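Q: Numbered per our numbering, the sequence shown finishes at 624, counting up by one with no gaps.
Glycine is no exception: its CB is placed at the ideal position from the N, C-alpha and C atoms.
The structure displayed is predicted, hence computed values, not measured ones.
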Amino acid sequence: MDLRAAYERLKVEPGTPAKEARRAYLKLLKIHKPETDPDGFKAIREAYEVIKAAPQWEIDSLKRAADAAASGGLGPDAGPPPEAPKTPFGAEPAKSWSTPKRSWGEQVKLSHEGKLFDDGPKDAPPPAPRPAPELPPLDPFAPVDMKTFYDRGRVATDAQRVQVGHEAVAAMPDEPEAYWMLHEALIVASRIPEAAQALRDAHARGLPGFLEPLLRQHPEELGAAELIEARQAAGTTLDALTVANAFLSRGDAAGASESIRRGIEEARRGNEERAPSIHMAVDFVLRLYRGGFPDAAREVFDRLQSWLSESGREVELGGSQIGATYALTKELHALPNTFPVPVLTIIARAILDGDPSFAHGELVGWLRQQPASRKSVDEKLSVYAPTLHGALRFALQEAGSSPAPANLPPAFNGGQAPLHHWPGPIVPPQPKKSKAWVAWLAGVLVVIGLRLVIQSGRSSPPPRFDIPTYQYQPARVPDLSGIGGLGGIGGATDDRAVQSAVNGICLWEQSGTECRLANNLQQALFAQDCTLAAISDAELESAVLERSRDTTPNNQAPNHNSLIGSLMIRHQIALHRTVEARCPTDAEPDDGSDPATLNEEGTLDVDGHPTPQEEP
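(1) Just how far apart, CA to CA, sit L11 and T44?
(2) Pull up the distance between the alpha-carbon of D598 and that of R459, whole angstroms please.
(3) Could you give the first and the last residue of the continuous alpha helix (DSSP H) run that contains T333?
(4) Check the DSSP bridge columns for L246 and list the partner residues they point to.
(5) Ignore the nearest five residues each way along the sequence and tell me which others in L631's own chain have a CB closer than 6 Å to its CB.
(6) Just tell me which of Q225, E228, E274 and Q536 has its CA closest to the CA of T244.
(7) Pair every Cβ in the segment 333-340 with every Cβ in the segment 365-384, then say whether three or more of these pairs are closer than 8 Å.
(8) Spatial neighbours of A167 within its chain, please: C-beta separation below 7 Å, excluding the five flanking residues on both sides.
(9) Would you be able to state if there are at least three C-beta pairs under 8 Å between the segment 262-273 and the segment 228-243?
(10) For the putative contact between L404 and L396, defined by C-beta atoms under 8 Å, what is the C-beta separation to the nearest angstrom?
(11) Count the CB pairs spanning the segment 310-330 and the segment 294-302 that are closer than 8 Å, and state whether there are at least three.
(12) Which same chain residues, not among the five before or five after P302, have their C-beta less than 7 Å away from its C-beta?
(13) Would you decide whether Q530 is buried or exposed? Buried here means 16 or more other CB atoms lie within 10 Å of its CB.
(14) To the nearest angstrom, how far is the alpha carbon of I691 from that of R258?
(15) To the nearest angstrom, report how far apart A444 and L453 are at their CA atoms.
(16) By how many angstroms is the C-alpha of C523 removed from the C-alpha of I513?
(17) Considering only their Cβ atoms, is the gap separating R224 from R248 smaller than 9 Å?
(18) Under a Cβ-count criterion, where at least 16 other Cβ atoms within 10 Å of its own Cβ denotes burial, should L630 be classed as buried or exposed?
(19) Identify, in the order they occur along the chain, each residue of the same chain with its Cβ nearer than 7 Å to the Cβ of G98, setting aside the five sequence neighbours on each side.
(20) Could you please give the first and the last residue of the uninterrupted alpha helix (DSSP H) stretch that includes F49?
(21) Exposed or buried, what is S574 when buried is set at 16 or more other beta-carbons lying within 10 Å of its beta-carbon?
(22) Going by CA-CA distance only, name the one from H226, F218, M180 and A212 that's closest to R199.
(23) Just mark N345 as buried or exposed, buried being the case when its beta carbon has 16 or more other beta carbons within 10 Å.
(24) Using the beta-carbon count (16 or more within 10 Å), is F292 buried or exposed?
(25) Give a yes or no on contact between the segment 373-383 and the segment 307-317, applying the rule of three or more CB pairs nearer than 8 Å.
(26) Pull up the distance between the alpha-carbon of H579 and that of V510, whole angstroms please.
(27) What are the boundary residues of the alpha helix (DSSP H) that includes G259?
(28) Determine the contact status of R311 and I354, defining contact as a CB-CB distance below 9 Å.
(29) What is the DSSP secondary structure of H40, reduced to helix, strand or coil?
(30) Suppose you measure from the CA of L533 to the CA of R504; what does that come to, to the nearest Å?
(31) On the CB-based measure, 16 or more other CB atoms within 10 Å of its CB, does S314 come out buried or exposed?
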């Protein structure tokens, strides 16, 4: 039974909703009872089930056909309807819902085959794009201003806005806003060379303020005359860093070096408005090193160091993050000219990333490819750059060990591709040694091992808190892959990240106070003892800050301890945020005692931090 016949059986209009059809079914059920008229009951029951299971689109189709027939229109079988009128904008009105061309089973089958939306042959041409309505022409006798063109651009397409921008420039060639409108429209339309030409035309016409945006946004489109003008105006009418970045993006290290040096010279004369800040100047020096231009980097840093020394600002950098970066760059600058440029590039990239120890993987890979340079690199770093040598000593040691197997995963060597080593020369078999010589060698190794164990026990003091559930052994080689994930900003959320932060602090002095406190804090976190973790966290923060503020007796410049403390701060912050995440301030003390009682005793406050016994 189809849907139209079901409506006729229940004696209701086609398209009647299922709820109203149910009322008609209940009325007929009083007449066609199953006891007296089983055939009539079966017929009305089947009709109601057909209506209830029918999809809504089919019910709506019958409803529209019935309404059209009742209003004197054409019925469903009266042939195609007349052509619908066009809308004022030339677009056809939306078509009404109609019966699908395929059954549900056919749609499922075509969907599995990936042919559900194939309405025509594969080689059928795509439909022609609908043309956009044309813009009305400008009135040649009406006065024009920028508001006229802005109003035209609001109703235009992206391509037409380019036309509007050209009209604005042609009508008002001395109006800067017209060139900005044209430049923006060309950028949206992805016509970059033409957008650069719009700024170039405005600058050539003598309008101010267009050369610097051209340097910043389109350095590859600059001409020879514009480059010469930009280099001469660096630090005076143009921002020196913008000009230097434009030259560096074009691979012109000499032009970049000269531009940034002009800006520094203007700052020495007191004109710091267009000069680069100390932070940006140090960053630019590292970028020159990273790009493989050490000579240009040395020239810029010489000028920068002279300016900071004369102005007395070099002392102000002590204890700050920019001061640590400046000190590391100063050590990089102190390396001789014969130092390998690839190693300078690797170290500069790591300093820009936030920590010189991030160069571990790349440095190991390069040194293993150049084994003859390892000893020279080690000696020059230890003499000219002691802080960098301390951060990279594990990489130098690892590069001097046996080469890595060829089947290591790609994550080896700091995420670089695995190294491929040429096979070594064939070594002839050696004669067997006597058993006495082997026994003597074994005894020597045993003695050396015992001595190392005794020395390690003396150098590393026992942990402050005895935690029987966890025995911590400090790692000699830090997990540098985890340190990169911290970045000095986020907290250590898992045990591996906590271990990495502790290794970052112990990287400098494994027997120092900061390393011991970091190990205590790690043990407390692993044992889930929030009280001990809070105490260790406060002690570690105090020790790291005290080291970062340590200066020489005459208070002239930050010393070696201050620089190490500044580098430890990022890892201490990560451990502190871990304590805050794992031990909320509103949590109860681990021993079950009341926080107020602890306050009265003067040992801990509510947040788990130590409090003084009396006011200083």
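A: Walking through what the data contain:
(1) CA-to-CA, the gap between L11 and T44 works out to about 27 Å.
(2) Confidence at D598 is low in this model, with a pLDDT of 47, below 50, so its placement is unreliable and no value can be given for it.
(3) Where T333 is concerned, the enclosing alpha helix (DSSP H) stretches over Q329 to A342.
(4) According to DSSP, L246 bridges with A242.
(5) Residue 631 is absent from the structure shown; the chain starts at 9 and stops at 624.
(6) Ranking the options by Cα distance to T244, first place goes to E274.
(7) With a cut-off of 8 Å, the segment 365-384 and the segment 333-340 do not count as touching, because too few Cβ pairs lie within range.
(8) Here the set comprises A197.
(9) The segment 228-243, when compared against the segment 262-273, does touch it at the 8 Å Cβ threshold.
(10) Not confirmed; about 11 Å, so no contact.
(11) In this structure the segment 310-330 does not touch the segment 294-302; the number of beta carbon pairs closer than 8 Å is below three.
(12) The beta carbon of P302 sits closer than 7 Å to those of V349 and L352, all from its chain and outside the five residues before and after it, given in chain order.
(13) Buried, because 16 or more other Cβ atoms sit within 10 Å of the Cβ of Q530.
(14) This structure does not reach residue 691, given that the chain is present from 9 up to 624, and the question cannot be answered.
(15) Inter-residue distance for A444 and L453 is about 14 Å (C-alpha atoms, whole angstroms).
(16) One alpha carbon belongs to I513, the other to C523, and they sit about 6 Å apart.
(17) A small fix is needed here, since residue 248 is Ala in this sequence, not Arg. The answer is no: Cβ separation not under 9 Å.
(18) An answer regarding residue 630 cannot be provided, because it is not within the stretch 9 to 624 covered by the chain.
(19) Caution is warranted here: a pLDDT of 41 is assigned to G98, below 50, making its placement in the model unreliable, and the coordinate value is therefore given only provisionally. Take G98, set aside five residues on each side of it, and no residue of its chain has a beta-carbon closer than 7 Å to its own.
(20) Note, F49: alpha helix (DSSP H), P46 to A61.
(21) With a threshold of 16 other beta carbon atoms within 10 Å, S574 meets it and is buried.
(22) Distance check between R199 and each of H226, F218, M180 and A212 places H226 closest, using alpha-carbon atoms only.
(23) Counting of Cβ neighbours within 10 angstroms places N345 among the exposed residues, the total staying below 16.
(24) Under this definition F292 is a buried residue.
(25) Touching, no, given that fewer than three Cβ pairs across the two stretches are closer than 8 Å.
(26) Taking C-alpha positions only, H579 is separated from V510 by approximately 7 Å.
(27) Boundaries for G259: no alpha helix (DSSP H) harbours it, and the DSSP string shows neither H nor E there.
(28) A distance of 9 Å or more separates the beta carbons of R311 and I354.
(29) Coil at H40, not helix or strand.
(30) For the pair L533 and R504, the Cα-to-Cα distance works out to about 12 Å.
(31) Answer is exposed; the Cβ neighbour count stays below 16.
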